[in-house]
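Enquirer: Chain order of the listed sequences is A and B. Counting in full-length UniProt numbering, the first sequence runs from 1 upward without gaps. Counting in full-length UniProt numbering, the second sequence runs from 1 upward without gaps.
There are 2 protein chains.
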Amino acid sequence: MPANVLYGQAGGVTAVINASAHGVIQGVRHHRDHFGRIYAAREGIIGALREDLVDLEREDAASLDALRHTPGGAFGACRYDLGPLESHKHQYERLMEVFAAHDIGYFFYNGGGGSMVTAEKVHVAAQQMGYPLTVMGIPKTIDNDLAGTDTSPGFGSAAKYVATSVREAALDVASMAESSTKVFIMEVMGRHAGWLAAAGGLAQGRPDDAPQIVLFAERAFHRRAFMDRVREIVERVGYCVVVASEGLRDADGQFLSVAESSHVEDWIQLGGVAPNLAEMVRRDLDLKVHWALPDYLQRAAAHIGSATDVEQAAAVGERAVELAVAGENGRMPVIRRESDEPYEWSVDSVDLARIADVETTVPEAFIREDGYHITEAARRYLAPLIRGEARPPFINGLPDYARLGMFPVERRLPPYELDEQVAPQKGGKPA
Amino acid sequence: MPANVLYGQAGGVTAVINASAHGVIQGVRHHRDHFGRIYAAREGIIGALREDLVDLEREDAASLDALRHTPGGAFGACRYDLGPLESHKHQYERLMEVFAAHDIGYFFYNGGGGSMVTAEKVHVAAQQMGYPLTVMGIPKTIDNDLAGTDTSPGFGSAAKYVATSVREAALDVASMAESSTKVFIMEVMGRHAGWLAAAGGLAQGRPDDAPQIVLFAERAFHRRAFMDRVREIVERVGYCVVVASEGLRDADGQFLSVAESSHVEDWIQLGGVAPNLAEMVRRDLDLKVHWALPDYLQRAAAHIGSATDVEQAAAVGERAVELAVAGENGRMPVIRRESDEPYEWSVDSVDLARIADVETTVPEAFIREDGYHITEAARRYLAPLIRGEARPPFINGLPDYARLGMFPVERRLPPYELDEQVAPQKGGKPA
Chain A
1 MPANVLYGQA GGVTAVINAS AHGVIQGVRH HRDHFGRIYA AREGIIGALR EDLVDLERED
61 AASLDALRHT PGGAFGACRY DLGPLESHKH QYERLMEVFA AHDIGYFFYN GGGGSMVTAE
121 KVHVAAQQMG YPLTVMGIPK TIDNDLAGTD TSPGFGSAAK YVATSVREAA LDVASMAESS
181 TKVFIMEVMG RHAGWLAAAG GLAQGRPDDA PQIVLFAERA FHRRAFMDRV REIVERVGYC
241 VVVASEGLRD ADGQFLSVAE SSHVEDWIQL GGVAPNLAEM VRRDLDLKVH WALPDYLQRA
301 AAHIGSATDV EQAAAVGERA VELAVAGENG RMPVIRRESD EPYEWSVDSV DLARIADVET
361 TVPEAFIRED GYHITEAARR YLAPLIRGEA RPPFINGLPD YARLGMFPVE RRLPPYELDE
421 QVAPQKGGKP A
Chain B
1 MPANVLYGQA GGVTAVINAS AHGVIQGVRH HRDHFGRIYA AREGIIGALR EDLVDLERED
61 AASLDALRHT PGGAFGACRY DLGPLESHKH QYERLMEVFA AHDIGYFFYN GGGGSMVTAE
121 KVHVAAQQMG YPLTVMGIPK TIDNDLAGTD TSPGFGSAAK YVATSVREAA LDVASMAESS
181 TKVFIMEVMG RHAGWLAAAG GLAQGRPDDA PQIVLFAERA FHRRAFMDRV REIVERVGYC
241 VVVASEGLRD ADGQFLSVAE SSHVEDWIQL GGVAPNLAEM VRRDLDLKVH WALPDYLQRA
301 AAHIGSATDV EQAAAVGERA VELAVAGENG RMPVIRRESD EPYEWSVDSV DLARIADVET
361 TVPEAFIRED GYHITEAARR YLAPLIRGEA RPPFINGLPD YARLGMFPVE RRLPPYELDE
421 QVAPQKGGKP A
């Protein structure tokens, strides 16, 4: 009897990670003879450790198909790292016990750079421990910082949300600038890479259109130069729209979100570049400012999903299955760009070991020389990624997202306590 | 020769105020024999005072039609009040001079409660000064606080954005709560009325779905009771999503945005209920919290516009013209609800004097007895307003919004200096 499949999600979720899940499910269906049942681990590797699995075979087809347009991680996505095999062998022994108890022969792990470290660890551990396991990584991250791939599924949809939102809010600001707000600052995700800020730059159709300024995590923030620029733009255009990376830092490498708000306890944890920049603009230029911080809205906005992104997310999920069928192991499908215009892409794959925990940032060639906007090269790269409108069905004016039955797989092992040092808090005060 | 028409926009703009402009333009086209040319005042009453007019007859039809799906105020919208006629007669004399110089016989003013005060003042002044002028108000506000109408154009689209965004972000939070964020707070507009917070409540499909808590501007915030509720929900459901009105106040009537952040100069101006609530949750419950503050994004999101809202916005614009043709004066078209389900509505009208500067809040019957959610009556009222998806055309992955030529009407009068006390700042330091 063919071995069963276990699928898991990890790390910050996206608008399209469930489309990858759907791709895996479709792939398994196309090779019914090759696989047994398909299960999902709840909360990724945590569910695998806890033997907390759900049986996807029992879900109805319509619910599973709805995954293709449903944001978030339908099976729960953890932030949880496995320890090194040498010092944390018990974790891997437990995993192999769970896999063995449920005849798991295939483990598909859908996540970002950190999660690929986990996938690679499981891959290596299974080999060393002699457990027959095929491990495949499936890429996702809105940060677009995964190595080895032209883009990361999840980024295109977040980028489309950011560019659309900036364009829309700018129309609002432009119409009222004469007697109200003159500067608008939108903070976007990207702690170490300014990819989403760069995407905001796409909203600028003509010179002087908003956003007039893009602040990259890759460039040091110089308050005075920034203020001079804002003042000049407000005087000339009437208003100024700024898109800022949450990871913006000053010349000393200090995060902007810390610099001005260290008096507000813990604020750094939650972002705050936009309110800080706003406060500086008010102090230095005495202009009326508004700011927005969409936070999770930008990575969950399937209602304005990029069709290209959804298609790629599903494609890497399907390809992971095909690679497994072809007998490959320890690999991750990636997007390869064939041409910018017309946009053509294919799916390739790389070794997990090669991409795990490597981050890519916005290259020099994509940042305008003065550091305050994107280049034409950046536009050529970014534009195709947000193309096409992937829309969920709406019922009564609201998007209708998947509701799975989440049928538990019967446990066959004793309960397992997660290691304390990395145990997630269950609500209330943590230990 | 028939008199010319002047259209103006005022107050906080919306995703559909331009659809009302389009309705006015369509109405005038349908009665070509009754009207001369149609002009728009730039920045509303400011443009009327400054003789800063644009000629809509010179725009091409496609650009004007694109107004129907373009957010923001295409002609500029001011926050500018006229003084009382007794003490500021010069303002009204100037207005009548401008109107006379351009044969303006019809003034359509598109705005909220405050702007209707302006419209009514112009109406009364024209009558007292013997200038033959038909004045019509056209309602708009995302706050839904206008009197005399079942709903205000602009609210439905903002409501759809808020409910959609909450539903989406909640899927993100739900999927990661086990090992990451457990509480998510989204701040929505509404300084004096909790209508948009109430709209967020629509995202809850089943009991225990997000948002689990709605905080209304109409209810005093009690920290301890709120924290008890958040803790209970996190323990039972695993996470808690809160939608909070920016106008939330404590039992002493103090704005939450002030209470915790008075040490950050001017912060109150920019909102900050969400970060403050987040800080309190962290301190009191020691839970990981995220928050979002979409600010202008929520009132400019034409990409997720409500079809019902767009239709009503256009209808009140067209009706204003028809009322003028019928010889009425000093009135504002309003939406009348005929039935909830199926949703049926008609356009009625009220005297400007009756609705100017009157605000409506969320009624008792719409707020659950415990104060933390909406009732079934609220759902019956709100649900039809967000129904239908009004989508702009997309080009290269981004919404394609109207770009007007904004052809200036030749000036015939000497320049006019706006009164200093209410003069808008032009950038840089104000006087």
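Beta carbons: idealized from backbone N, C-alpha and C, even for Gly.
Identify the contact partners of Asp295(A) in chain B, using a Cβ-Cβ distance below 7 Å as the criterion.
Expert: Looking up residue 295(A) in the first sequence gives position 295. The answer, in chain order, is His290, Trp291, Ala292.
Enquirer: Taking the alpha-carbon positions, what's the residue 432(A) to Lys288(B) distance?
Expert: Nothing in the structure corresponds to residue 432(A), since chain A is present only between 1 and 431.
Enquirer: In whole angstroms, what separates the C-alpha of Glu51(B) from that of Ala41(B)?
Expert: As a first step, residue 51(B) must be located in the second sequence, where it is residue number 51. As a first step, residue 41(B) must be located in the second sequence, where it is residue number 41. In a straight line, the C-alpha of Glu51(B) is about 8 Å away from that of Ala41(B).
Enquirer: Classify Leu352(B): buried if its beta carbon has 16 or more other beta carbons within 10 angstroms, exposed otherwise.
Expert: The residue given as residue 352(B) occupies position 352 in the second sequence. It is buried - the Cβ of Leu352(B) has at least 16 other Cβ atoms within 10 Å.
Enquirer: I'd like the ranges of any beta strand (DSSP E) spanning at least 3 consecutive residues and lying wholly in the stretch 72-127 of chain A.
Expert: The stretch 72-127 of chain A is shown to contain whole beta strand (DSSP E) runs of 3 or more residues at 104-111, in chain order.
Enquirer: Check whether chain A comes within 8 Å of Asn396(B), counting only Cβ atoms and requiring the distance to be less than that.
Expert: By one-based count along the second sequence, residue 396(B) stands at place 396. Chain A contact via Cβ: present.
Enquirer: Could you pull out every unbroken alpha helix (DSSP H) segment of at least 4 residues lying fully inside the stretch 27-63 of chain A, listed in chain order?
Expert: 45-50
Enquirer: Any C-beta of chain B within less than 7 Å: which residues of the stretch 162-184 of chain A qualify?
Expert: Listed by position, the residues of the stretch 162-184 of chain A near chain B (Cβ gap below 7 Å) are Ala163, Thr164, Ser165, Arg167, Glu168, Ala169, Leu171, Asp172, Val173, Ala174, Ser175, Met176, Glu178, Ser179, Ser180, Lys182, Phe184.
Enquirer: In chain order, which beta strand (DSSP E) runs of at least 3 residues are fully inside the stretch 209-258 of chain B?
Expert: Whole beta strand (DSSP E) segments, 3+ residues: 213-215, 240-245.
Enquirer: DSSP three-state call for residue 453(A): helix, strand or coil?
Expert: What the structure shows of chain A is the stretch from 1 to 431, and residue 453(A) is not part of that stretch, so it cannot be assessed.
Enquirer: How big is the Cα-Cα spacing for His69(B) and Tyr401(B)?
Expert: In the second sequence, the residue the question calls residue 69(B) occupies position 69. In the second sequence, the residue the question calls residue 401(B) occupies position 401. Each residue's alpha carbon lies about 7 Å from the other.
Enquirer: Please say whether Tyr109(B) and Ala177(B) have beta carbons closer to each other than 8 Å?
Expert: Sequence index remark: in the second sequence, residue 177(B) carries index 177 (1-based). Sequence index remark: in the second sequence, residue 109(B) carries index 109 (1-based). No. Outside cutoff.
Enquirer: Between Gly12(B) and the rest of its own chain, which residues show a CB-CB distance below 6 Å, the 5 nearest in sequence each way excluded?
Expert: As a position in the second sequence, residue 12(B) is number 12, starting the count at 1. Result list for Gly12(B): empty, nothing under 6 Å.
Enquirer: For Ala147(A), report the span of its beta strand (DSSP E) as first-last.
Expert: Taking the first residue of the first sequence as position 1, residue 147(A) is located at position 147. No beta strand (DSSP E) contains Ala147(A), which DSSP labels as neither H nor E.
Enquirer: Kindly indicate if chain A contains any beta-carbon less than 8 Å away from that of Tyr381(B).
Expert: If you number the second sequence from 1, residue 381(B) lands on position 381. Not closer than 8 Å to any Cβ of chain A, the Cβ of Tyr381(B) fails to qualify, so no.
Enquirer: Which term fits Glu260(A), buried or exposed, when burial requires 16 or more other beta carbons within 10 angstroms of its beta carbon?
Expert: Walking along the first sequence from the start, residue 260(A) turns up at place 260. Its pLDDT being 44, under 50, Glu260(A) is placed unreliably in this model, and the value from its coordinates should be taken loosely. That one is buried.
Enquirer: Against chain A, which members of the stretch 67-80 of chain B pass a CB distance test of less than 9 Å?
Expert: Thr70, Pro71, Gly72, Gly73, Ala74, Phe75, Gly76, Ala77, Cys78, Arg79, Tyr80
Enquirer: Cα-Cα, which of Arg411(A), Pro392(A), Ser180(A), Ile386(A) is closest to Pro399(B)?
Expert: On the second sequence, position 399 is the one that residue 399(B) refers to. Among Arg411(A), Pro392(A), Ser180(A), Ile386(A), the Cα nearest to that of Pro399(B) belongs to Ile386(A).
Enquirer: Which residues in the same chain have their Cβ closer than 7 Å to the Cβ of Glu97(A), if we skip the five residues on either side of it in sequence?
Expert: For the purposes of this step, residue 97(A) is taken as residue 97 along the first sequence, with counting starting at 1. Excluding positions up to five away in sequence, the list reads Leu413.
Enquirer: Does DSSP put Thr308(B) in a helix, in a strand, or in coil?
Expert: Looking up residue 308(B) in the second sequence gives position 308. Here Thr308(B) sits in helix by DSSP.
Enquirer: If you measure from the beta carbon of Glu369(B) to each beta carbon in chain A, is any gap under 8 Å?
Expert: By 1-based counting over the second sequence, the position of residue 369(B) is 369. No, no contact with chain A.
Enquirer: Inspect the CB distances between the stretch 354-374 of chain A and the stretch 129-136 of chain A and report whether three or more fall short of 8 Å.
Expert: no
Enquirer: Can the beta-carbon of Gly317(B) be found closer than 8 Å to that of Glu59(B)?
Expert: Within the second sequence, residue 317(B) is the residue found at index 317, counting from 1. Within the second sequence, residue 59(B) is the residue found at index 59, counting from 1. 8 Å or more divides the Cβ of Gly317(B) from the Cβ of Glu59(B).
Enquirer: Ala278(B) and Tyr106(B) - do their beta-carbons sit closer together than 8 Å?
Expert: Sequence index remark: in the second sequence, residue 106(B) carries index 106 (1-based). Sequence index remark: in the second sequence, residue 278(B) carries index 278 (1-based). In this structure, Ala278(B) does not lie closer than 8 Å to Tyr106(B) by Cβ.
Enquirer: Since Ile38(A) and Val16(A) are thought to touch, with beta carbons under 8 Å apart, how far apart are those beta carbons, to the nearest angstrom?
Expert: Counting from one through the first sequence, the residue named residue 38(A) turns up at place 38. Counting from one through the first sequence, the residue named residue 16(A) turns up at place 16. Going by Cβ atoms, the distance from Ile38(A) to Val16(A) rounds to 19 Å, so no, they are not a contact pair.
Enquirer: So with CB distances below 9 Å, who are the chain A contacts of Val13(B)?
Expert: Within the second sequence, the letter at position 13 stands for residue 13(B). Ordered by position in chain A, the residues that pass the 9 Å Cβ test against Val13(B) are Leu171, Asp172, Ser175, Met176.
Enquirer: Suppose the cutoff is 6 Å on Cβ atoms and the five residues either side in sequence are ignored; what does the same chain contact list for Ala423(A) look like?
Expert: Looking up residue 423(A) in the first sequence gives position 423. With a pLDDT of 42 at Ala423(A), under the threshold of 50, the modelled position of this residue cannot be trusted; read the value that follows with caution. Counting only Cβ-Cβ distances below 6 Å, and skipping sequence neighbours, we find nothing.
Enquirer: Am I right that Val183(B) and Val234(B) are in contact with their C-beta atoms under 8 Å? What's the rounded C-beta distance?
Expert: Position 183 of the second sequence, counted from the start, is the residue given in the question as residue 183(B). Position 234 of the second sequence, counted from the start, is the residue given in the question as residue 234(B). 7 Å between Cβ atoms; contact.
Enquirer: Opposite residue 449(A) in the DSSP bridges: which residues?
Expert: Chain A is shown from 1 up to 431; residue 449(A) falls before or after that span and cannot be answered.
Enquirer: What is the C-beta distance between Gly305(A) and Ser157(A), in whole angstroms, given that I count them as a contact (C-beta under 8 Å)?
Expert: Taking the first sequence and counting its residues from 1, the one referred to as residue 305(A) is at position 305. Taking the first sequence and counting its residues from 1, the one referred to as residue 157(A) is at position 157. Contact check for Gly305(A) and Ser157(A): beta-carbon distance about 4 Å, within the 8 Å limit, so the pair qualifies.
Enquirer: In angstroms with no decimal places, state the Cα-to-Cα distance between Gly247(B) and Glu338(A).
Expert: Locating residue 247(B) in the second sequence gives position 247, counting from the first residue. Locating residue 338(A) in the first sequence gives position 338, counting from the first residue. Approximately 52 Å, taken between the alpha carbons.
Enquirer: Would you kindly check if the distance between the Cβ of Ala199(A) and the Cβ of Ala159(A) is under 8 Å?
Expert: The residue given as residue 159(A) occupies position 159 in the first sequence. The residue given as residue 199(A) occupies position 199 in the first sequence. Result yes, Cβ atoms of Ala159(A) and Ala199(A) sit closer than 8 Å.
Enquirer: State yes or no: is the beta carbon of Gly113(B) nearer than 8 Å to at least one beta carbon in chain A?
Expert: Translated into positions along the second sequence, residue 113(B) becomes position 113. For Gly113(B), the answer is no, since every Cβ of chain A falls outside 8 Å of its Cβ.
Enquirer: Under 8 Å Cβ-Cβ, which residues of chain B neighbour Lys140(A)?
Expert: As a working note, residue 140(A) is residue 140 in the first sequence. The contacting residues do not exist; Lys140(A) stays about 12 Å from chain B at best.
Enquirer: Would Asp172(B) pass as a contact of Pro71(A) if the rule is Cβ separation under 8 Å?
Expert: In the second sequence, the residue the question calls residue 172(B) occupies position 172. In the first sequence, the residue the question calls residue 71(A) occupies position 71. Yes, the pair counts as a contact, with Cβ atoms nearer than the cut-off.
Enquirer: Can you tell me whether Gly8(B) is helix, strand or coil according to DSSP?
Expert: Translated into positions along the second sequence, residue 8(B) becomes position 8. Strand at Gly8(B).
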